[in-house]
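From first to last, the protein sequence lines stand for chains A and B.
If you count by my numbering, then the first sequence holds residues 1 to 112, one letter each, in order.
If you count by my numbering, then the second sequence holds residues 1 to 112, one letter each, in order.
Cβ coordinates follow ideal geometry from the N, Cα and C atoms, glycine included.
These notes are about the structure you will find just below.
There are 2 protein chains.
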Amino acid sequence: MDKKDLFGLCPFVTSQKILSGKWSIYLLYLLKDGPVRFNELMRMMPEEITHTTLSRQLKSLEEEGLIVRKEYSQIPPKVEYFLSEIGNKFDKVLLAMGEWGEEYIEFLKEKA
Amino acid sequence: MDKKDLFGLCPFVTSQKILSGKWSIYLLYLLKDGPVRFNELMRMMPEEITHTTLSRQLKSLEEEGLIVRKEYSQIPPKVEYFLSEIGNKFDKVLLAMGEWGEEYIEFLKEKA
DNA sequence: CATATAGGTATCCTCCTTGATACTAGGTAT
DNA sequence: ATACCTAGTATCAAGGAGGATACCTATATG
Chain A
1 MDKKDLFGLC PFVTSQKILS GKWSIYLLYL LKDGPVRFNE LMRMMPEEIT
51 HTTLSRQLKS LEEEGLIVRK EYSQIPPKVE YFLSEIGNKF DKVLLAMGEW
101 GEEYIEFLKE KA
Chain B
1 MDKKDLFGLC PFVTSQKILS GKWSIYLLYL LKDGPVRFNE LMRMMPEEIT
51 HTTLSRQLKS LEEEGLIVRK EYSQIPPKVE YFLSEIGNKF DKVLLAMGEW
101 GEEYIEFLKE KA
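Have a look at this one:
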């Protein structure tokens, strides 16, 4: 029996692929409290990131159905990003991940 | 004020980096029920993966402190991998991620 | 006229991860 | 004598993600 690509079949393989982008988790975290504009996201990013990269990351999260892009027809442009329904449900993972991350940071300090 | 690398400071940035390997999440999932040998892991992987790649993934998880490598001095060699204490605490994230992953798979089916 | 604004795309380059292959150890089975 | 077993490492090639830069829109402002 051949081994198959389990994307869309195994929840862990599927999650792994969704989260593979360098900023996916942090973007979901930034969007969890409501709509944010493109340049606001830029300023909220923890490290330097080009708008090219941010644009690509947002586009792929949108294509995967986790976030929604809403464009206002005005000059200068205004675009808001916010979580979709399935994106919103990711909050439990974020919560657990935030708690684990803090414990891991403690672990790193003790090790040092 | 310059933006900095928040690894070791922000729980989400830190988690993202830990989980960046292509198989990290699935490996933590496979190891959650106890020690597993190298070749057993090979056979449990959902897709084809070379032993070179598996070896590297395990090594980096070990260096990050999430798993422990135990080598038995015997011929042929026997090596077991299992979760460290901080690796074990990741189970809550896995649980939430598993549930979300299943909902996301449902979402994909409805969309199709 | 030049410039700033917000939110992008197009293109190229580079680096990192992964994959493929060959090689290793020492003992046991055929 | 040869092959097989486990659990790797060393080396090289390929692919993809990310970064840098230039360019685009249409309007308002100096």
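Sequence-distant residues of its chain with Cβ nearer than 7 Å to residue i (five each side left out)
i: A:I86; result: G65 and L66
i: A:G34; result: F82
i: B:K32; result: L83, D91 and L94
C-alpha gap between residue i and residue j, whole angstroms
i: A:M97; j: B:E110; result: 28 Å
i: A:M44; j: B:F107; result: 29 Å
i: A:L9; j: B:E48; result: 16 Å
i: B:K70; j: A:A112; result: 23 Å
i: A:I105; j: B:T14; result: 8 Å
i: B:F90; j: A:W100; result: 6 Å
i: B:E62; j: A:P77; result: 47 Å
i: B:S84; j: B:Y26; result: 16 Å
i: B:S24; j: B:E102; result: 19 Å
i: A:S60; j: A:F7; result: 16 Å
i: B:Q16; j: A:L95; result: 14 Å
Paired residues, beta bridge with residue i - DSSP
i: A:E116; result: With chain A represented from 1 up to 112, any question about residue 116 of chain A goes unanswered, as that position is not in the structure.
Whether residue i touches residue j by CB criterion (7 Å)
i: A:F12; j: B:Y29; result: yes
i: B:G21; j: B:Q74; result: no
Contacts around residue i, its chain only, beta-carbon distance under 6 Å, and the 5 residues preceding and following it disregarded
i: B:F38; result: V79
i: B:L68; result: Looking at the sequence shown, residue 68 of chain B is not Leu but Val. These residues qualify, in order along the chain: F82 and S84.
Same chain, Cβ closer than 8 Å to residue i, five either side skipped, listed in chain order
i: B:L54; result: W23, F38, L41, M42 and M45
Within the region 5 to 44 of chain A, ranges of the alpha helix (DSSP H) (whole runs, at least 4 residues) = 11 to 18, 24 to 31 and 38 to 44
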